[in-house]
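K.L.:
Here the sequence shown is numbered in my numbering, starting from 7 and rising by one per residue. In this text, a Cβ means the ideal position worked out from N, Cα and C, and glycines have one as well. As the structure is a prediction and not an experimental result, all values here were calculated from the model. Following this message is one structure expressed as structure tokens.
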Amino acid sequence: MNIAVLGTGSVGATIASKLVSLGHDVMMGSRTAGNEKAVAWAQAAGARARTGTFADAAGFGEVVFNCTKGGASLEALRAAGDGALDGKVLVDVSNSIPPLPPGSASLGEQIQQACPGARVVKALNTMNAAMMVDPGQLPGAHAVFVSGNDAGAKAQVTAILQSFGWRDVIDLGDITTARQVEAYLGLWLALWKSLGTMAFNIAIVRR
């Protein structure tokens, strides 16, 4: 599958590298062609890796991962071009730092509103980058969440998450539920400080 990853930071590079290792063709998108971080990633990742602008990547990917910083996500998606994401699954991994005020629209909702033709799915924003692509580093089943309006898009994202090794993928409902997973950021940061490690996640105990 052709997959685009928007963003050249640790989250984008980690997800892009995992996708390449699974046999996907991946383009990392950035503001400008020839971005140094993107080029270095592609050289390390091998023949299935390539780079381009946000617009190039949006045109390339059947599925698009938004791994940009939350404050820059809407600008990056606008740079992808009007209609470039129409009909495509857009996986939003972004978080807002500081968190958005309670009751305000989540980044996931804002992205769906800004890209009405895209099939936005919020996922993977509740753990650190290494955990996103390697849940097996913790024992037992622990949870990753998906939120979105399109059932087919959520099913496609769930399949990708399962290929990463996730066993407990919980569908929270429509894109408005992205507010809840984005609000978890404050607790995640407090846990990181308290535990002294980022190698943790949520496990849901069911009856």
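Shortest alpha-carbon distance to residue 33 belongs to which of 70, 42, 17?
P.N.:
Mapped onto the sequence shown, residue 33 falls at position 27. Selected option, being the one with the closest Cα: 70.
K.L.:
Please tell me whether residue 149 and residue 174 are closer than 8 Å, where the distance is taken between their beta carbons.
P.N.:
Residue 149 sits at position 143 when you count from the first residue of the sequence shown. Residue 174 sits at position 168 when you count from the first residue of the sequence shown. Cβ atoms of residue 149 and residue 174: closer than 8 Å.
K.L.:
Whole angstroms is fine: what's the gap from residue 39's alpha carbon to residue 91's?
P.N.:
Here the question's residue 39 lines up with position 33 in the sequence shown. Here the question's residue 91 lines up with position 85 in the sequence shown. Those two C-alpha atoms are separated by around 19 Å.
K.L.:
Express the C-alpha separation of residue 201 and residue 213 in angstroms, rounding to a whole number.
P.N.:
Working through the sequence shown from its first residue, we reach residue 213 at position 207. Working through the sequence shown from its first residue, we reach residue 201 at position 195. Those two C-alpha atoms are separated by around 27 Å.
K.L.:
Would you report the Cα separation of residue 168 and residue 10, rounded to the nearest angstrom?
P.N.:
In the sequence shown, the residue the question calls residue 168 occupies position 162. In the sequence shown, the residue the question calls residue 10 occupies position 4. Approximately 18 Å between the Cα atoms of the pair.
K.L.:
Is residue 195 buried or exposed, if buried means 16 or more other CB atoms sit within 10 Å of its CB?
P.N.:
Start at 1 with the first residue of the sequence shown, and residue 195 comes out as number 189. When all chains shown are included, residue 195 counts as exposed.
K.L.:
Residue 151 and residue 187: beta carbons closer than 8 Å?
P.N.:
Taking the sequence shown and counting its residues from 1, one reaches residue 151 at position 145. Taking the sequence shown and counting its residues from 1, one reaches residue 187 at position 181. A contact, by the Cβ cut-off of 8 Å.
K.L.:
Work out the CA separation of residue 199 and residue 96 for me, nearest whole Å.
P.N.:
The count along the sequence shown starts at 1 and reaches residue 96 at position 90. The count along the sequence shown starts at 1 and reaches residue 199 at position 193. Their Cα atoms are separated by approximately 31 Å.
K.L.:
Should residue 73 be counted as a contact of the ligand FMN given a C-beta to heavy atom distance under 7 Å?
P.N.:
Of the ligands one can find in the structure shown there are none, so the ligand FMN has no counterpart to examine.
K.L.:
Looking at residue 143: is its Cβ nearer than 8 Å to the Cβ of residue 135?
P.N.:
Here residue 143 refers to the residue found at position 137 of the sequence shown. Here residue 135 refers to the residue found at position 129 of the sequence shown. Not a contact, by the Cβ cut-off of 8 Å.
K.L.:
Taking the alpha-carbon positions, what's the residue 179 to residue 113 distance?
P.N.:
For the purposes of this step, residue 179 is taken as residue 173 along the sequence shown, with counting starting at 1. For the purposes of this step, residue 113 is taken as residue 107 along the sequence shown, with counting starting at 1. Distance between the alpha carbons of residue 179 and residue 113: 16 Å.
K.L.:
Go ahead and label residue 84 buried or exposed: buried means 16 or more other beta carbons lie within 10 angstroms of its beta carbon, across all protein chains shown.
P.N.:
Position 78 of the sequence shown holds residue 84. Residue 84 comes out exposed.
K.L.:
So residue 139 and residue 21 are in contact, right, with Cβ under 8 Å, and what is the actual spacing, rounded?
P.N.:
Indexing the sequence shown from 1 puts residue 139 at position 133. Indexing the sequence shown from 1 puts residue 21 at position 15. Their Cβ separation, rounded to whole angstroms, is 6 Å, which keeps residue 139 and residue 21 in contact under 8 Å.
K.L.:
Report the three-state DSSP secondary structure of residue 94 (helix, strand or coil).
P.N.:
Working through the sequence shown from its first residue, we reach residue 94 at position 88. Reduced to three states, the DSSP call for residue 94 is coil.
K.L.:
Around the Cβ of residue 145, are there at least 16 other Cβ atoms within 10 angstroms (buried) or fewer (exposed)?
P.N.:
As a first step, residue 145 must be located in the sequence shown, where it is residue number 139. The residue in question, residue 145, is exposed, as its Cβ has fewer than 16 Cβ neighbours within 10 Å.
K.L.:
Please list the terminal residues of the continuous beta strand (DSSP E) segment that includes residue 55.
P.N.:
As a first step, residue 55 must be located in the sequence shown, where it is residue number 49. From DSSP, the beta strand (DSSP E) with residue 55 extends over 55 to 59.
K.L.:
Among residues of its own chain, excluding the 5 on either side of residue 23, which ones have a beta-carbon nearer than 6 Å to its beta-carbon?
P.N.:
On the sequence shown, position 17 is the one that residue 23 refers to. So the qualifying residues of the chain are 51.
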